[in-house]
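S.K.:
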Amino acid sequence: MESFVTELLTLLFAALRSATPVLAVVLGEAMTQRSGVINLGVEGQMLLGAMTGFAVASISGDPWLGVLAACCAGIALSMVHAILVLGCRANQIASGVAVLILGGGLSAYYGIPFVGNKIDALGNLNHTFVSDIPLLGQFLGPITPTVLITLLAIPAISIFLFRTRTGLRWRSTGESQEITRNLGHNPVPYQLAAIGFGGL
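Start counting at 1 in the sequence shown, then tack on 27, and there's your number in the numbering used here.
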């Protein structure tokens with residue numbers, strides 16, 4: 028029985044490691060949609076972020092610098108969507124598809140020189156306080172800090188949206204911009220922050 032539980036937990040955490048990029052995108056899009064904006068370009072942002080992160084890590088030799096560059100690239104592309112939707116009042120679906128195509132095209136073109144390159148992997152949580160946690164330590168130890176940050180973001184986002192005043196305004200913007208304006212708040216900054224967070 029003990030070996031079965033061990034194998035089950037090992038499989039669970041292996042699945043979490045593999046699903047982390049998708050989970051991060053889902054969390055970002057959930058925050059964006061809570062503000063009343065739909066961004067179908069998240070896959071393009073993910074592709075451009077991955078390519079940029081890999082390229083920077085390949086050139087610099089620092090995988091954490093690659094993570095930072097990936098975040099910046101995702102935010103930069105999300106701002107294209109923000110400008111089109113919030114600034115130019117473009118259709119959200121059309122803008123999202125355009126961002127998706129743009130991100131995919133840029134990553135495919137500029138990623139060609141880095142095909143076949145190898146980079147150092149991010150360090151895991153072995154030999155940290157996390158690996159000393161009873162029962163779960165042996166499973167949490169092999170994961171990277173980015174996986175842990177993504178998992179911790181789930182309750183953090185929930186608390187932010189449902190337990191803070193800013194989160195209430197964030198959600199009210201998604202429900203009705205008129206309500207937000209009647210309360211004396213401008214909905215645009217909340218939507219801009221949401222789109223930027225989605226790109227992160």
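Even glycine gets a Cβ: it sits at the ideal position worked out from N, Cα and C.
In the DSSP assignment, find the unbroken alpha helix (DSSP H) run with V241 in it and report its ends.
M.R.: Because the chain here runs from 28 to 227, residue 241 falls outside it and cannot be looked at.
S.K.: Where does V64 fall in DSSP's three states?
M.R.: Taking the sequence shown and counting its residues from 1, the one referred to as residue 64 is at position 37. If DSSP states are grouped into helix, strand and coil, V64 belongs with coil.
S.K.: Going straight from the alpha carbon of D89 to that of A148, what length do you get?
M.R.: By 1-based counting over the sequence shown, the position of residue 89 is 62. By 1-based counting over the sequence shown, the position of residue 148 is 121. Cα to Cα, D89 sits roughly 9 Å from A148.
S.K.: Starting from the C-beta of I222, find all residues in its chain whose C-beta is less than 7 Å away, skip the five residues before and the five after it, and write them out in chain order.
M.R.: Translated into the one-based positions of the sequence shown, residue 222 becomes position 195. Counting only Cβ-Cβ distances below 7 Å, and skipping sequence neighbours, we find T59, V64, N66, S105, H108 and A109.
S.K.: I'd like the ranges of any beta strand (DSSP E) spanning at least 3 consecutive residues and lying wholly in the segment 71-141.
M.R.: Counting only runs of 3 or more, we get nothing.
S.K.: Classify S30 as buried or exposed, calling it buried when 16 or more other Cβ atoms lie within 10 Å of its own Cβ.
M.R.: Here residue 30 refers to the residue found at position 3 of the sequence shown. The residue in question, S30, is exposed, as its Cβ has fewer than 16 Cβ neighbours within 10 Å.
S.K.: How should G226 be labelled, buried or exposed, when 16 other C-beta atoms within 10 angstroms of its C-beta is the threshold for buried?
M.R.: Here residue 226 corresponds to residue number 199 of the sequence shown, with the count starting at 1. With 16 or more Cβ atoms within 10 Å of its Cβ, G226 is classed as buried.
S.K.: Helix, strand or coil: how does DSSP classify N209 here?
M.R.: The sequence position of residue 209 within the sequence shown is 182, counting from 1. Helix, per DSSP.
S.K.: Between the C-alpha atoms of G101 and L75, what's the straight-line distance to the nearest angstrom?
M.R.: Taking the sequence shown and counting its residues from 1, the one referred to as residue 101 is at position 74. Taking the sequence shown and counting its residues from 1, the one referred to as residue 75 is at position 48. For G101 and L75, the distance between alpha carbons rounds to 7 Å.
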